[in-house]
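Novice: Residue numbers (this note's numbering): 5 to 426.
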Amino acid sequence: MNISSFESEFNKIMRRDYFTSHVKPIREQAFNNFLEKGLPNKNWEDWRHTDLKPIKEIDFRLSEISDAPAHELDITEFGLDDVHTIVIYNGHYQENISSVPSGVRLISLADYGDQNAWKIREPNDSPFDLLNTAFMDSGFCLTIDKGIQIESPVRILYISSTEKNIMVSPRMYIDLGESSSITFIEQYEGNCNEYFLNGSLIVELKENSRMSHFRIQNNSVDTVNIGNIHVQQDSASHYTFNQFACGSRLGRLNLLADLNGKGAECFINGLTLTNNIQHIDNHIVTSHNAPFCTSSQYFRSVLQDRSSGVFNGRTIVSEGAEKTDSKQSNKNLLLSKGALMNSNPQLEIYADDVKCSHGSTTGALDQDALFYIRSRGLDIVSAKSLLIRAFVSEMIEPIHHENIKSYIISKFDAWLNENTVQ
């Protein structure tokens, strides 16, 4: 998608904008800033291992009313029982099959923008945050008031199903009041061809609040999925993130977490499965801006065929953030000679009296372990499957929500059955 195509689509959204007039200048400023920066290329340090050709080679267009479903959707095929679901289909909210539990206030993005125009400004000056602000077309704010504990998980289900080259730009806000809690699921599904989703999620956790966040990326392999997540944590707040990614031709997660209050905890985990020519890039930055905070980044990837991946994890310990406890670990399993993984865990420490560690390993299946298992009577495919399952299980087993765990296991099993080779 070249710049002139972006400009053409931007003019369309400005003509039909459903926000009030004070949001339009924010859109315009974001788009002008995007034009100045342009799309990232391999000369940018944080993008040097990721080729944006799947975006550049296709002229995507905005989603139209005609792209909404013609009949009521059946979402049972997307699993996850006993959750409240907000359904977005090709960028269009499906109110008739959406619900939120008691205690959660759901505010449309348009109403939220009218009430909080200053918050609509892009949370970061990265090109894809700017692009999201310029083109944001759907989304909500979920607000949980002080002291409210939401027992039932809340899921936002993004479904893409079309033969056309659609671009959608959802914007979500989650505001947790003091001592509140929620389990939140982002789930991306669909069988479309050449679909570009560029979403932004802004999370604010007040003192003593807790959020368990799952991101399931199961798009078709012709999809581009860019996820921009920004987390702000107050004192003694707790944020846990788990991503399971096996879909998309090109996937990029930009997750920035700021631990701004004393004793905040932030645990970021990810499991990626790729094959064919898929490329999944995880870019994580955790900033310790207060003392006595704890964080971890644990990511694992299994790569097959000519697929590739990136883990670029950074932990920043600011001046004055004493008693920081931070860990990073990235482990990657290459199932073919053509698979490629780039791993770059980083620490930036500007404070004394901290405990920080990081490590990375990338390699093929252990041949000695394979030989031992086969000597016990298993064939080569079963032996490989057993080792891959053991490698992956350390990321899945800690998940406490059984329905989510079962769904992820079912997707992993399907992937493993298709990708374990002789």
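In this text, a Cβ means the ideal position worked out from N, Cα and C, and glycines have one as well. Since the structure is predicted, the reported quantities are computational estimates derived from the model, not experimental observations.
How many Å lie between asparagine 195 and serine 397 at the Cα?
Specialist: Going by the C-alpha atoms only, they are around 27 Å apart.
Novice: Enumerate in chain order the residues of its own chain whose CB-to-CB distance from glycine 181 is below 8 Å, with the five nearest sequence positions on each side excluded.
Specialist: Hits under 8 Å: Thr147, Ile148, Asp149, Lys150, Gly151, Ile152, Lys210 and Ser213.
Novice: For histidine 26, which of helix, strand or coil comes out of DSSP?
Specialist: If DSSP states are grouped into helix, strand and coil, histidine 26 belongs with the helices.
Novice: According to the neighbour-count rule (16 or more other Cβ atoms, all chains shown, within 10 Å of its Cβ), is isoleucine 384 buried or exposed?
Specialist: By the neighbour-count rule (16 or more Cβ atoms within 10 Å), isoleucine 384 is not buried but exposed.
Novice: To the nearest angstrom, how far is the alpha carbon of glutamine 236 from that of aspartate 262?
Specialist: Near 5 Å, if we compare the C-alpha coordinates of aspartate 262 and glutamine 236.
Novice: Could you check whether arginine 65 and asparagine 202 sit closer than 8 Å to each other, using their CB atoms as the reference points?
Specialist: Against a cut-off of 8 Å, the Cβ pair of arginine 65 and asparagine 202 comes out as no contact.
Novice: For threonine 187 and glutamate 155, what's the separation of their Cα atoms in angstroms?
Specialist: If you take the alpha carbons of threonine 187 and glutamate 155, they lie about 8 Å apart.
Novice: Give the single residue among Leu307, Ser312, Cys270 and Gln308 whose Cα lies nearest to the Cα of asparagine 293.
Specialist: Nearest option by C-alpha distance: Cys270.
Novice: How many Å lie between serine 183 and isoleucine 281 at the Cα?
Specialist: Cα-Cα distance, rounded: 44 Å.
Novice: Could you say which of Ala240, His26 and Ile320 lies nearest to aspartate 4 if we only look at CA atoms?
Specialist: Limits of the chain in this structure are 5 at one end and 426 at the other, which puts residue 4 out of reach.
Novice: Kindly indicate which three-state DSSP category arginine 169 falls into: helix, strand or coil?
Specialist: Going by the sequence as given, residue 169 is asparagine instead of arginine. In this structure, asparagine 169 counts as coil in the three-state DSSP scheme.
Novice: Given the structure, does serine 299 come close to the ligand FMN, in the sense that its CB is under 7 Å from one of the ligand's heavy atoms?
Specialist: Among the components of this structure there are no ligands whatsoever, and the ligand FMN is therefore not found.
Novice: Could you name the residues that DSSP lists as bridge partners for proline 174?
Specialist: Ser142, per the DSSP bridge assignment.
Novice: How many angstroms separate the CA atom of asparagine 336 from the CA atom of aspartate 309?
Specialist: Each residue's Cα considered, the two are about 14 Å apart.
Novice: Could you tell me the distance, in whole angstroms, from the CA atom of valine 228 to the CA atom of threonine 319?
Specialist: Near 27 Å, if we compare the C-alpha coordinates of threonine 319 and valine 228.
Novice: Taking the DSSP output, what are the residues bridged to glutamate 208?
Specialist: Answer by DSSP bridge pairing, in chain order: Asp179 and Gln236.
Novice: Between the alpha carbons of alanine 325 and cysteine 360, how many angstroms are there, rounded?
Specialist: Roughly 12 Å between the two C-alpha positions.
Novice: Grouping DSSP H, G and I as helix and E and B as strand, with all else coil, what is threonine 328?
Specialist: Correct three-state label for threonine 328: coil.
Novice: Exposed or buried, which one is isoleucine 7 when buried takes at least 16 other CB atoms within 10 Å?
Specialist: Per the 10 Å Cβ criterion, exposed.
Novice: Report yes if the C-beta distance between asparagine 407 and aspartate 86 is below 8 Å; otherwise report no.
Specialist: Yes, Cβ-Cβ distance for asparagine 407 and aspartate 86 is below 8 Å.
Novice: Grab the span of the beta strand (DSSP E) containing phenylalanine 271 for me, first residue to last.
Specialist: Segment 269-278, the beta strand (DSSP E) holding phenylalanine 271.
Novice: Determine, using beta carbons only, whether serine 103 and histidine 88 come nearer to each other than 8 Å.
Specialist: Against a cut-off of 8 Å, the Cβ pair of histidine 88 and serine 103 comes out as a contact.
Novice: Alpha carbon to alpha carbon, what distance is there between lysine 28 and isoleucine 353?
Specialist: Each residue's alpha carbon lies about 40 Å from the other.
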